[in-house]
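K.L.:
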Amino acid sequence: MSISLGKGANISLDKEEPGLTRILIGLGWDTRSTDGEDFDLDASVFLLGESGKVRGDHDFIFYNQLRSSDGSVEHTGDNRTGEGDGDDEAIKVNLSQVPAEITKLSVVATIHDAAARKQNFGMVQNAFIRVVNDATSREISRYDLAEDCSTETAMIFGEIYRHGGEWKFRAVGQGYQGGLAALARNFGVNVG
Amino acid sequence: MAVSLSKGANVSLSKEAPGLQSVRVGLGWDQRVTDGSAFDLDASVFLLAENGKVRSDADFVYFNNLKAADGAVEHHGDNLTGQGEGDDEVVSVHLSRIPADVTKISFAVTIYEPDVRNQNFGMVSNAFIRVVNADGGAELARYDLSEDASTETAMVFGELYRHGGEWKFRAVGQGFNGGLGPLARSYGVNV
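The listed protein sequences correspond, in order, to chains A and B. Okay, so the first sequence: first residue is -18 according to this note's numbering, each after it adds one. Okay, so the second sequence: first residue is 25 according to this note's numbering, each after it adds one.
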């Protein structure tokens, strides 16, 4: 049973899911049945330090960089159409392996080439992003992208962060103008 | 008063008009005058269940099947009295009488015999879909389709759908190649 978190709300992952070490971030959507270019949604994670920025470009886990240097975060690969049931893209995070200097992981969902393709989340059927306890498959939080983020092309889904010695999850659910490149730059990544 | 939607956006009709019972969905468009060949656009309505498909062929409302769900959805055909509002076709939807297992109602406009007549939506401009409160006539939501479709012969203008106990409207504006037959089939109608 998923905890339905309102925007801005946070929960203690350690308290809600005792013993939690591995989480799965799942992104899913339906393939396009109408005319036009495929909807290519992407899930990405930014490993952030105290400053709220990445230590280097290697802290940006996305379709072109599938593993963090320490192996704590692993993206299972790019899905360019939404083909397949359930999660179409998944990012696995092993919280126990995240380096101590990383204090926050920011999880984002974006639409590839949204501006050129004139697409937004509202056009994509059944688009969602969720966070799951990878050991028990229990869903911790889910966000309905098509419904609640309809005119956006990129959004910050949530943050997994350290607080008082535990890991917590905060539901952010905020749209972001400019797409993945702008988001990455915002977090300190050098985007070519 | 009416919420003007952009493509992909949605709005809660229940919030716009608390106690909303019934709406009239109006669809309109201008036809560019071309070489004089007859140009016949038709509105179709699909009552869809949770799986995105019709429950039966009776859930497909069009010029040969003007009523569905015991009259909860009624297509008024081309017979408008011409009040000057600009709607080319109007569909009445009694929201409170829509069967519980119908979770979405999709509104599409298609070109009749597009291949034979060599026509497509590129010839249509100023298309819109609007939702009007049947009680009092206030326009609740409107979507002006701004992009010119080109090769499509069918277009889903918008959809009414249930969400969290309310009725909402989403601006779709997505084309479908192939016309009414393939569009209906994609919704599970036996064509």
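For glycine and all other residues, C-beta sits at the position ideal for the given N, C-alpha and C.
1. Does the beta carbon of residue 193 of chain B sit closer than 8 angstroms to a beta carbon anywhere in chain A?
2. Going by other Cβ atoms of all chains shown within 10 Å of its Cβ, with 16 needed for buried, is residue 175 of chain B buried or exposed?
3. Since residue 167 of chain A is in the alpha helix (DSSP H), which residue starts that stretch and which ends it?
4. Give the residues of chain B in contact with residue 15 of chain A, contact being defined as C-beta atoms less than 7 angstroms apart.
5. Could one say the Cβ of residue 20 of chain A lies closer than 8 angstroms to chain B's Cβ atoms, at least one of them?
6. Answer yes if the stretch 205 to 215 of chain B comes into contact with the stretch 113 to 120 of chain A, meaning at least three C-beta pairs across the two stretches below 8 angstroms, and no otherwise.
7. When you compare the stretch 83 to 92 of chain B with the stretch 147 to 162 of chain B, are there three or more beta-carbon pairs, one atom per stretch, that lie closer than 8 angstroms?
8. Measuring straight from C-alpha to C-alpha, what distance separates residue 26 of chain B and residue 48 of chain B?
9. Where do the ends of the alpha helix (DSSP H) carrying residue 126 of chain A lie?
10. With a threshold of 16 other CB atoms inside 10 Å of the CB of residue 100 of chain A, please say whether the residue is buried or exposed.
11. On the CB-based measure, 16 or more other CB atoms within 10 Å of its CB, does residue 105 of chain B come out buried or exposed?
12. Does residue 32 of chain B get closer than 8 angstroms to chain A when you measure Cβ to Cβ?
13. Please confirm whether residue 152 of chain A and residue 10 of chain A have their CB atoms less than 8 angstroms apart.
14. When you compare only the Cα positions, how much space is there between residue 96 of chain A and residue 159 of chain A?
15. May I have the straight-line CA-CA distance separating residue 133 of chain A from residue 104 of chain A, to the nearest angstrom?
16. Could you confirm whether any beta carbon from chain A is found closer than 8 angstroms to the beta carbon of residue 113 of chain B?
17. Please go through the stretch 134 to 183 of chain B and give each complete beta strand (DSSP E) segment of 3 or more residues, from N-terminal end onward.
18. What's the gap between the Cα of residue 1 of chain A and the Cα of residue 114 of chain A?
19. Taking only beta-carbon positions, decide if residue 80 of chain B is within less than 8 angstroms of chain A.
20. Please determine, among A/90, A/161 and A/143, the residue with the shortest C-alpha to C-alpha distance to residue 130 of chain A.
21. Taking all protein chains shown into account, do 16 or more other C-beta atoms lie within 10 angstroms of the C-beta of residue 138 of chain B, making it buried, or fewer, making it exposed?
22. Please determine, among B/215, B/200 and B/170, the residue with the shortest C-alpha to C-alpha distance to residue 52 of chain B.
23. For the alpha helix (DSSP H) containing residue 50 of chain B, name the first residue and the last one.
24. Is the Cβ of residue 38 of chain B closer than 8 angstroms to any Cβ of chain A?
25. At a CB-CB cut-off below 9 angstroms, which residues of chain A make contact with residue 68 of chain B?
26. According to the Cβ coordinates, are residue 199 of chain B and residue 145 of chain B closer than 8 angstroms?
27. Identify, in the order they occur along the chain, each residue of the same chain with its Cβ nearer than 6 angstroms to the Cβ of residue 40 of chain A, setting aside the five sequence neighbours on each side.
28. Between which two residues does the beta strand (DSSP E) containing residue 24 of chain A stretch?
29. Who are the neighbours of residue 131 of chain A on chain B, taking C-beta pairs under 8 angstroms?
30. Give the residues of chain B in contact with residue 102 of chain A, contact being defined as C-beta atoms less than 9 angstroms apart.
31. Within the 8 angstroms Cβ cut-off, does residue 210 of chain B reach chain A?
32. Can you give me the start and stop residues for the alpha helix (DSSP H) that residue 40 of chain B sits inside?
33. Please indicate yes or no: does the CB of residue 48 of chain B lie closer than 7 angstroms to some heavy atom of the ligand HEM?
34. Which residues share a DSSP beta bridge with residue 174 of chain A?
35. Does any residue of chain A have a CB that is nearer than 8 angstroms to the CB of residue 176 of chain B?
36. When the Cα atoms are used, what is the spatial distance from residue 80 of chain A to residue 30 of chain A?
P.N.:
According to the structure data:
1. Working through the second sequence from its first residue, we reach residue 193 of chain B at position 169. Cβ-Cβ to chain A under 8 angstroms: no for residue 193 of chain B.
2. Taking the first residue of the second sequence as position 1, residue 175 of chain B is located at position 151. Residue 175 of chain B is exposed by the Cβ-count criterion.
3. As a working mapping, residue 167 of chain A is identified with position 186 in the first sequence. From DSSP, the alpha helix (DSSP H) with residue 167 of chain A extends over 160 to 167.
4. One-based indexing of the first sequence puts residue 15 of chain A at position 34. Those within 7 angstroms of residue 15 of chain A in chain B are 180, 198, 199 and 200.
5. Mapped onto the first sequence, residue 20 of chain A falls at position 39. No, no contact with chain B.
6. no
7. no
8. Here residue 26 of chain B refers to the residue found at position 2 of the second sequence. Here residue 48 of chain B refers to the residue found at position 24 of the second sequence. Computed Cα separation, rounded: 14 angstroms.
9. Here the question's residue 126 of chain A lines up with position 145 in the first sequence. Per DSSP, residue 126 of chain A belongs to the alpha helix (DSSP H) from 126 to 129.
10. The residue labelled residue 100 of chain A in the question sits at position 119 within the first sequence. So residue 100 of chain A counts as buried.
11. Here the question's residue 105 of chain B lines up with position 81 in the second sequence. With a pLDDT of only 43 at residue 105 of chain B, under 50, the local geometry of the prediction cannot be trusted, and the value read off the model is given with reservation. Residue 105 of chain B should be labelled exposed.
12. On the second sequence, residue 32 of chain B is found 8 positions in, with the first residue counted as 1. So, interface residue.
13. The count along the first sequence starts at 1 and reaches residue 152 of chain A at position 171. The count along the first sequence starts at 1 and reaches residue 10 of chain A at position 29. It is not a contact, given that the beta carbons lie outside the stated cut-off.
14. As a working mapping, residue 96 of chain A is identified with position 115 in the first sequence. As a working mapping, residue 159 of chain A is identified with position 178 in the first sequence. Residue 96 of chain A and residue 159 of chain A: Cα-Cα distance of roughly 9 angstroms.
15. The residue labelled residue 133 of chain A in the question sits at position 152 within the first sequence. The residue labelled residue 104 of chain A in the question sits at position 123 within the first sequence. Taking the straight line joining both Cα atoms gives about 10 angstroms.
16. As a first step, residue 113 of chain B is located in the second sequence; it is residue number 89 there, counting from the start. Taking Cβ atoms only, chain A never reaches closer than 8 angstroms to residue 113 of chain B, which makes this a no.
17. 148 to 157 and 163 to 169
18. In the first sequence, residue 1 of chain A corresponds to position 20, counting from 1. In the first sequence, residue 114 of chain A corresponds to position 133, counting from 1. Rounded to the nearest angstrom, the two C-alpha atoms are 7 angstroms apart.
19. Taking the second sequence and counting its residues from 1, the one referred to as residue 80 of chain B is at position 56. Answer no: the Cβ-Cβ gap between residue 80 of chain B and chain A never drops below 8 angstroms.
20. What you label residue 130 of chain A is simply residue 149 of the first sequence in a count that begins at 1. Among A/90, A/161 and A/143, the Cα nearest to that of residue 130 of chain A belongs to A/90.
21. One-based indexing of the second sequence puts residue 138 of chain B at position 114. The residue is buried, with at least 16 neighbouring Cβ atoms inside 10 Å.
22. Taking the first residue of the second sequence as 1, we reach residue 52 of chain B at position 28. Answer by Cα proximity: B/170.
23. For the purposes of this step, residue 50 of chain B is taken as the residue at position 26 of the second sequence. Unbroken run through residue 50 of chain B is the beta strand (DSSP E), 46 to 55; no alpha helix (DSSP H).
24. Counting from 1 along the second sequence, the entry for residue 38 of chain B is found at position 14. Not closer than 8 angstroms to any Cβ of chain A, the Cβ of residue 38 of chain B fails to qualify, so no.
25. Within the second sequence, the letter at position 44 stands for residue 68 of chain B. Ordered by position in chain A, no residue passes the 9 angstroms Cβ test against residue 68 of chain B, which lies about 15 angstroms from the chain.
26. Translated into positions along the second sequence, residue 199 of chain B becomes position 175. Translated into positions along the second sequence, residue 145 of chain B becomes position 121. Yes, the Cβ-Cβ distance between residue 199 of chain B and residue 145 of chain B is below 8 angstroms.
27. Translated into the one-based positions of the first sequence, residue 40 of chain A becomes position 59. Around residue 40 of chain A: 28.
28. Residue numbering aside, residue 24 of chain A sits at position 43 when the first sequence is read from its first letter. 22 to 29 is the extent of the beta strand (DSSP E) around residue 24 of chain A.
29. In the first sequence, counting from the first residue as 1, residue 131 of chain A sits at position 150. Those are 32, 33, 34 and 194, listed as they occur along chain B.
30. Reading the first sequence from its first residue, position 121 is the one you call residue 102 of chain A. Those are 32, listed as they occur along chain B.
31. Residue numbering aside, residue 210 of chain B sits at position 186 when the second sequence is read from its first letter. Residue 210 of chain B counts as touching chain A.
32. As a working mapping, residue 40 of chain B is identified with position 16 in the second sequence. 37 to 40 is the extent of the alpha helix (DSSP H) around residue 40 of chain B.
33. Questions concerning the ligand HEM fall outside what the structure shown contains, since it holds no ligand whatsoever.
34. In this structure chain A extends from -18 to 173, so residue 174 of chain A is not present and cannot be described.
35. Along the second sequence, read from residue 1 onward, the residue named residue 176 of chain B stands at position 152. Output row for residue 176 of chain B: interface = yes.
36. Counting from 1 along the first sequence, the entry for residue 80 of chain A is found at position 99. Counting from 1 along the first sequence, the entry for residue 30 of chain A is found at position 49. The straight-line gap from Cα to Cα measures roughly 10 angstroms.
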